[in-house]
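These notes are about the structure you will find just below.
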Amino acid sequence: MTVAAAPQAFISNDAAVLGLLAIILGFVFWGASRERGLWKKFYAVVPAILPCYLLPAIANSFGLIDGAGSGLYPMARDYLLPASLVLFCLSMDIGGIAKLGPKALIMFLTGTVGVMLGALVSFTAMGVIHPETVAGETWRGMTTLTGSWIGGGANQAAMKEVFEVDATLFGQFAAVDVIVGYLWMATLLFMASRAEAWDRWLKADTSAIETLKQRMASYQAQHARIASTTDLVMIFAVAIGATGLAHFLAEPLVAWIKSLPLEWRLQDYSLDSRFFWIVVIATTIGIVASLTRARELEGAGASKIGTVFLYVLIATIGMQMDLKALADKPFLLLLGLIWISVHAGLMLLVARLIRAPLFFMAVGSQANIGAAASAPVVASAFHPALAPVGVLLAVLGYVLGTYCAYLTGLMLQAMAGG
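The working numbering puts the first residue of the sequence shown at 4, with every later residue one more than the last.
If you want it as structure tokens, here you go:
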């Protein structure tokens, strides 16, 4: 009996598919930049990241392209993801973060702990409420959401590879990420509009906020500049050069780990994963580079170029999604709501205990949950000059995201008996 071959996609050439993805991204961001009309109303409700996932997924679902048969995702994963991590970490200003004061850092780290704790609590709670939701491989998908809610899309994609998350499960948690994450962002923006009342309830000392506004406005003016060709080439050199070095160092490191005695069981912790070490090494290079003059490249838009790399990666992930499967586990939304509630409750509790202003709580939370894409939005809701604070803390989230999500993944794996 002859087995029927799978129908070929209408566009099968990867160069043409990449062109289509570029057009999709351009269309999305063109619409999101409109200041009036239908697009303004649409993107006031729908975050731009969602169509970046969904439009390629629709193209794949209707046979316009073949995500599974394309080589674009492996390319974006191996080259653009590490490069984006380097550029995001490059902008980290350790001195600037330290000057924000202990309460800002405490609230940010509380947010990180809240995400990790929320993963464990929601997994346990859904095991009682609806065990089918957390059965099987669900814990793997939760690692990607942990990466996203502590760091960002790059860390999320890194966890997808490290824990070998199925593209469909990844797509389900991407939907939870967008729906729950932006619901929480809307809540924070609502709270920001009533900051004085919240600060009274928190019994917060807000005297440092005015000083902070002046310092960040000065920092922003000092570092911003129009990028020259040399700047752009140097950004490219740092990002791709560091990515190449990460690949070069990961190869012998993985070979050495695999040569160790089996009883060490490092394989159980994904430490024999070449991609894991590429991500870790690239992140580390970015941190080290941030301590040098290379950090000045942020003023020329290093993190913006990293964001472009990231959105290309997001589009290639989207083209692998099976949209029909997104409705298979509706209780994942409840899991996400429990998860974010634990994070929010811990943030409010600690803010009250240390009398932190709502600004620190809100930006510390969004720097975890929304990363650099939305943390500045929440920060600017308090004052436009404070937007860079959200970026600084979000960059710290990119640094911690891979490590903390990996640790949370190991705990979830143990709870699931995997």
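Glycine residues also receive a C-beta, built at the ideal position from the N, C-alpha and C atoms.
When the Cα atoms are used, what is the spatial distance from residue i to residue j?
{"i": "Gly400", "j": "Ala382", "result": "15 Å"}
{"i": "Ala151", "j": "Ser344", "result": "The sequence as given places Ser at residue 151; Ala does not occur at that position. About 16 Å."}
{"i": "Val137", "j": "Val118", "result": "17 Å"}
{"i": "Gly72", "j": "Lys206", "result": "57 Å"}
{"i": "Gly420", "j": "Leu352", "result": "32 Å"}
{"i": "Leu235", "j": "Ala303", "result": "8 Å"}
{"i": "Arg358", "j": "Met129", "result": "33 Å"}
{"i": "Ser15", "j": "Asp69", "result": "7 Å"}
{"i": "Val291", "j": "Ile243", "result": "16 Å"}
{"i": "Ile109", "j": "Trp204", "result": "19 Å"}
{"i": "Pro77", "j": "Ser293", "result": "28 Å"}
{"i": "Leu410", "j": "Gly139", "result": "19 Å"}
{"i": "Glu213", "j": "Gly22", "result": "47 Å"}
{"i": "Thr127", "j": "Trp342", "result": "11 Å"}
{"i": "Gly104", "j": "Phe111", "result": "11 Å"}
{"i": "Tyr406", "j": "Met350", "result": "21 Å"}
{"i": "Met4", "j": "Pro255", "result": "Only weak support exists for where Met4 lies, its pLDDT of 36 falling under 50; the coordinates are left without a value."}
{"i": "Val131", "j": "Lys332", "result": "16 Å"}
{"i": "Met194", "j": "Ala200", "result": "9 Å"}
{"i": "Val168", "j": "Ala161", "result": "10 Å"}
{"i": "Tyr82", "j": "Leu90", "result": "13 Å"}
{"i": "Phe251", "j": "Lys261", "result": "17 Å"}
{"i": "Asp17", "j": "Thr171", "result": "21 Å"}
{"i": "Thr295", "j": "Asp275", "result": "31 Å"}
{"i": "Leu263", "j": "Glu135", "result": "38 Å"}
{"i": "Gly40", "j": "Val257", "result": "53 Å"}
Assuming residue i contacts residue j under a Cβ cut-off of 8 Å, what Cβ separation, rounded to an integer in Å, is found between them?
{"i": "Gly114", "j": "Ser368", "result": "5 Å"}
{"i": "Ala122", "j": "Leu415", "result": "6 Å"}
{"i": "Gly34", "j": "Phe45", "result": "7 Å"}
{"i": "Gly412", "j": "Phe166", "result": "6 Å"}
{"i": "Leu316", "j": "Ala79", "result": "4 Å"}
{"i": "Ala51", "j": "Val31", "result": "6 Å"}
{"i": "Ala253", "j": "Arg277", "result": "5 Å"}
{"i": "Leu75", "j": "Thr319", "result": "5 Å"}
{"i": "Leu356", "j": "Val181", "result": "Not really, about 31 Å apart at Cβ, beyond 8 Å."}
{"i": "Phe279", "j": "His133", "result": "Actually they do not touch by this definition, with Cβ atoms about 32 Å apart."}
{"i": "Gly339", "j": "Val179", "result": "4 Å"}
Just tell me which of the options has its CA closest to the CA of residue i.
{"i": "Leu58", "options": "Ala227, Gly321 and Ile341", "result": "Gly321"}
{"i": "Leu93", "options": "Ala62, Val124, Ile284 and Ile288", "result": "Ile288"}
{"i": "Ile124", "options": "Thr319, Ser15, Gly420 and His346", "result": "The sequence shown places Val at residue 124, not Ile. Checking every option, the nearest Cα to that of Val124 belongs to His346."}
{"i": "Ala230", "options": "Ile308, Met162 and Glu164", "result": "Ile308"}
{"i": "Ala417", "options": "Thr141, Asp81 and Leu112", "result": "Thr141"}
{"i": "His226", "options": "Ala170, Trp204, Ala258 and Ala305", "result": "Ala305"}
{"i": "Phe363", "options": "Ile260, Ala160 and Leu191", "result": "Leu191"}
{"i": "Ala62", "options": "Ala224, Met324 and Leu90", "result": "Met324"}
{"i": "Val380", "options": "Asp17, Ser196 and Leu263", "result": "Ser196"}
{"i": "Ile27", "options": "Tyr56, Phe13, Val283 and Glu199", "result": "Tyr56"}
{"i": "Leu336", "options": "Met194, Cys407, Leu186 and Phe193", "result": "Leu186"}
{"i": "Ser210", "options": "Val49, Leu90, Arg39 and Lys106", "result": "Lys106"}
{"i": "Val283", "options": "Val116, Ala408, Ala18 and Leu41", "result": "Ala408"}
{"i": "Ala354", "options": "Ser221, Gln11, Asp208 and Leu263", "result": "Asp208"}
With a threshold of 6 Å on Cβ separation, who are the neighbours of residue i within its own chain once the five nearest residues in sequence on each side are excluded?
{"i": "Phe176", "result": "Gly144, Thr147 and Leu148"}
{"i": "Leu85", "result": "For the record, residue 85 in the displayed sequence is Pro; it is not Leu. Excluding residues within five positions, the ones whose Cβ falls inside 6 Å are Thr246, Ala249, Ile281 and Ala285."}
{"i": "Ala157", "result": "Leu84, Ser87, Leu88 and Leu313"}
{"i": "Lys163", "result": "Thr147 and Phe173"}
{"i": "Val116", "result": "none"}
{"i": "Asp202", "result": "Thr209, Pro360 and Leu361"}
{"i": "Ala198", "result": "Leu361"}
Please return the same chain residues whose Cβ sits closer than 7 Å to the Cβ of residue i, not counting the five positions on each side in sequence.
{"i": "Ala8", "result": "Caution applies to Ala8, whose pLDDT of 46 falls short of 50 and renders its modelled position unreliable; the model cannot decide the point."}
{"i": "Gly373", "result": "Gly184 and Met188"}
{"i": "Ala378", "result": "Val366, Gln369, Ala370, Gly393, Val394, Leu396 and Ala397"}
{"i": "Leu300", "result": "Leu93, Asp234, Met237, Ile238 and Val241"}
{"i": "Ala47", "result": "none"}
{"i": "Ala297", "result": "Leu93 and Val241"}
{"i": "Pro404", "result": "Correcting the residue identity first, residue 404 is Gly in this sequence and not Pro. Only Gly150, Ile153, Gly154, Gly155 and Asn158 meet the Cβ criterion."}
{"i": "Val402", "result": "Cys92, Met95, Thr286 and Ile290"}
{"i": "Ala384", "result": "Leu192 and Ala195"}
{"i": "Trp259", "result": "none"}
Sorted by chain position, which residues of the same chain lie with C-beta nearer than 8 Å to residue i's C-beta, five sequence neighbours on each side aside?
{"i": "Arg37", "result": "Lys43 and Tyr46"}
{"i": "Leu24", "result": "Pro59, Leu75, Val315, Ala318, Thr319 and Met322"}
{"i": "Phe13", "result": "Gly66, Leu67 and Ile68"}
Is there at least one non-hydrogen atom of the ligand GTP closer than 7 Å to the beta-carbon of residue i?
{"i": "Phe126", "result": "This structure simply doesn't include the ligand GTP, nor any ligand for that matter."}
Next on the checklist: Please give me, in chain order, every unbroken run of the alpha helix (DSSP H) with length at least 4 that falls completely inside the stretch 43–119.
Outcome noted: 52–64, 75–78, 84–93 and 97–102
Checklist entry - In the stretch 157–198, which residue ranges form an unbroken alpha helix (DSSP H) of at least 4 residues, counting only runs that do not cross its ends? => result 170–195
Item to check | Whole beta strand (DSSP E) elements within the stretch 330–417, 3-residue minimum | outcome: none
Next on the checklist: Extract the residue ranges of the beta strand (DSSP E) inside the stretch 223–291, only unbroken runs of 3 or more that lie entirely within it.
Outcome noted: none
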